[in-house]
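For this note's numbering, count along the sequence shown from 1 and bump the result up by 11. Ideal Cβ placement from N, Cα and C applies to all residues, glycine included. What you are looking at is a predicted structure, and each value in this text was computed from that prediction instead of being measured. Data first, discussion second: the structure below is written as structure tokens.
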Amino acid sequence: MIAWTILAFFVSAIVWASVGEVDIVSVAKGRIIPSGYSKMVQPLEIGTVTAIHVIDGQVVKAGEVLIALDPSSAKADVDRLQAEQDMVQREVLRYQQLADWLGSETPPGERQLQSVNDKLLRRQWLEFSDRIDVLRREQDKQHAGRRSAQHQVAKLEAILPIVTRQSRDRKRLAEKQLLPEQQYLESEQERREIFHDLRTHKGRLEELDAAERALDARITQTRSEFHRQVLEHLDEVQRRRSAIRQERIKAETRVRAQTITAPVDGIVQQLAIHSVGAIVTPAQQLMVIVPAGETMEVEAVLENKDIGFVEVGQQAEIKIDTFPFTKYGTIAGEVVGLSSDAVADEKMGLVYKMRVAMSRSSVEVNGKHVDLHPGMAVAVEAKTGTRRIVEFFLSPLLRYAQESARER
């Protein structure tokens with residue numbers, strides 16, 4: 012009877028192992044994260060903490076002040092750059108006014124100059140006007156000399172034909188001995204003197220014409236050179252003004268950055284600064300803001316050997332390390348994302364990132380719902396298929412037999 016019982020049990024076990032199935036799961040370790048990811052709060056530059064307005068666990072709104080840093084240095088830069096910009100702006104206006112006057116057909120009069128508040132502008136224009144006035148006075152002298160030379164040339168040109176005819180007539184009379192030769196010689200000498208004076212005055216007139224043209228050229232060159240210098244200075248100060256404006260904008264940004272605000276609505280966690288006077292450095296993590304209203308999900312690391320069996324949409328079970336599943340149960344989940352490439356892990360080798368959506372974000376403990384928080388460690392079991400129980404016993408034997416068949 013016992014033998015039949017043992018035989019029946021053995022047969023039942025074989026049938027159960029042949030028919031029964033169990034789930035195949037891929038286990039991945041990970042942690043809970045907000046679906047929108049936590050926002051790290053960092054300063055842009057080194058600074059001294061002057062006020063801390065939040066504590067761990069505090070709910071904040073986007074734009075709410077979290078930490079204040081000493082803005083003295085940044086404000087000093089803003090004030091300095093603003094003063095430089097104001098000074099350069101005055102230079103821009105000065106050279107712009109000079110350029111406008113130079114381009115105008117009617118230069119400013121004495122009354123208009125007196126109404127100008129910029130003393131340097133008046134001085135620069137008066138210095139330029141003085142140089143032009145000196146050249147014009149010289150030009151006036153040249154004009155007067157030219158008019159005098161023209162008058163002499165005209166006078167001599169009128170006299171020369173008369174004297175020439177007189178000399179010619181006296182020559183004929185002298186040749187006929189009707190007039191003393193001495194009178195002819197005197198007349199010829201007078202003609203030659205007038206002719207020489209005419210040539211001299213014509214040469215002088217040409218010199219005066221050349222000098223007048225040279226003065227015209229000098230006046231034009233002086234105006235052009237001054238205009239060129241004005242435009243060059245105007246371009247230079249405009250570029251300086253633009254550069255200073257950009258620097259001032261950066262300095263103002265630095266001032267605003269001394270007031271660190273919440274990037275999103277959420278909860279303050281991992282506050283790293285607790286005392287006024289502390290020094291913070293660029294990119295230092297001051298705290299983390301967990302976005303409010305974001306659903307929780309799991310970010311887990313999937314081993315390379317399992318990636319071929321896990322797909323988006325597969326069901327999974329999530330076990331919270333803090334709450335043993337044997338007592339508090341598991342949370343249902345669904346695979347919603349897999350990384351397209353592996354990353355190297357020092358301990359596990361090549362691994363893939365996996366994201367799993369959670370059906371709920373709390374666990375019932377002693378009749379109360381306890382919220383799960385970002386950072387909690389979990390284990391994800393993704394169901395990849397089923398397997399008959401007998402295969403667990405036969406697979407090692409089949410693998411051993413296959414390997415033995417290949418040996419010599």
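Where Asp356 is concerned, the enclosing beta strand (DSSP E) starts and stops at Val354 to Asp356. Beta-bridge pairing by DSSP links Ser373 to Asp382. In terms of Cα proximity to His285, the closest of Thr59, Val36 and Lys50 is Thr59. Distance check between Val279 and each of Val36, Lys50 and Val38 places Lys50 closest, using alpha-carbon atoms only. According to the DSSP assignment, Leu104 belongs to the alpha helix (DSSP H) that extends over Ser83 to Gly114. Assignment of alpha helix (DSSP H) within the stretch 328 to 368, counting only whole runs of 4 or more residues, yields 336 to 339 in chain order. Runs of the beta strand (DSSP E) spanning 3 or more residues and lying entirely within the stretch 40 to 68 occur at 50 to 52 and 58 to 63, in chain order.
Under the three-state reduction of DSSP, Val248 is assigned to helix. Counted as a single uninterrupted DSSP element, the beta strand (DSSP E) harbouring Pro302 occupies residues Met298 to Pro302. Ranked by Cα distance from Ser350, the options Gln325, Asn377, Lys379 and Leu313 are led by Leu313.
With a threshold of 16 other beta carbon atoms within 10 Å, Glu243 falls short and is exposed.
With respect to the C-alpha of Gly340, the residue from Gln240, Ile329, Lys187 and Lys213 having the closest C-alpha is Ile329. Of the residues Glu102, Thr61 and Ile44, the one whose Cα lies closest to the Cα of Asp246 is Glu102. Under DSSP, the beta-bridge partners assigned to Lys394 are Val36.
Annotated three-state conformation of Gln200 is helix, per DSSP. From the listed residues Leu196, His64, Gly214 and Gln200, the smallest Cα separation to Val164 is found for Gly214.
In the DSSP assignment, Val312 falls within the unbroken beta strand (DSSP E) covering Met307 to Glu314. Cβ neighbours of Gly74 within its own chain (closer than 6 angstroms, five residues either side excluded): Thr272. The beta carbons of Gly41 and Val309 sit closer together than 9 angstroms. CA-CA distance, Val145 to Ala222, rounds to 15 angstroms. With 16 or more neighbouring CB atoms inside 10 Å of its own CB, Arg105 falls in the buried class. Under the DSSP definition of a beta bridge, Leu80 partners with Val60. When the alpha-carbon of Thr233 is set against those of Lys358, Val52, Pro82 and Asp141, the nearest one is in Asp141.
In this structure, the alpha-carbon of Val241 lies about 28 angstroms from that of Ile260. Beta-bridge annotation (DSSP): Gly319 is not paired with any residue. Taking the Cα positions, Thr333 is about 35 angstroms away from Ala62. Non-local C-beta neighbours of Arg229 in its own chain, meaning closer than 8 angstroms and more than five positions away in sequence, comprise Leu146, ordered along the chain. The beta carbons of Arg256 and Gln96 sit about 6 angstroms from each other, so the pair counts as a contact at 8 angstroms. DSSP, read as helix, strand or coil, puts Gln193 in helix. Using a Cβ distance threshold of 9 angstroms, Met369 and Ile43 count as a contacting pair. In the DSSP assignment, Thr270 falls within the beta strand (DSSP E) that extends over Thr270 to Thr272. Our two residues, Arg250 and Met387, have alpha carbons roughly 56 angstroms apart in a direct line. Of the candidates Phe320, Lys187 and Ser84, Phe320 places its Cα closest to the Cα of Ser37. Looking at the backbone, the Cα of Ser253 and that of Ile78 are separated by about 33 angstroms. DSSP places Ile278 inside the beta strand (DSSP E), whose first and last residues are Gly277 to Gln280.
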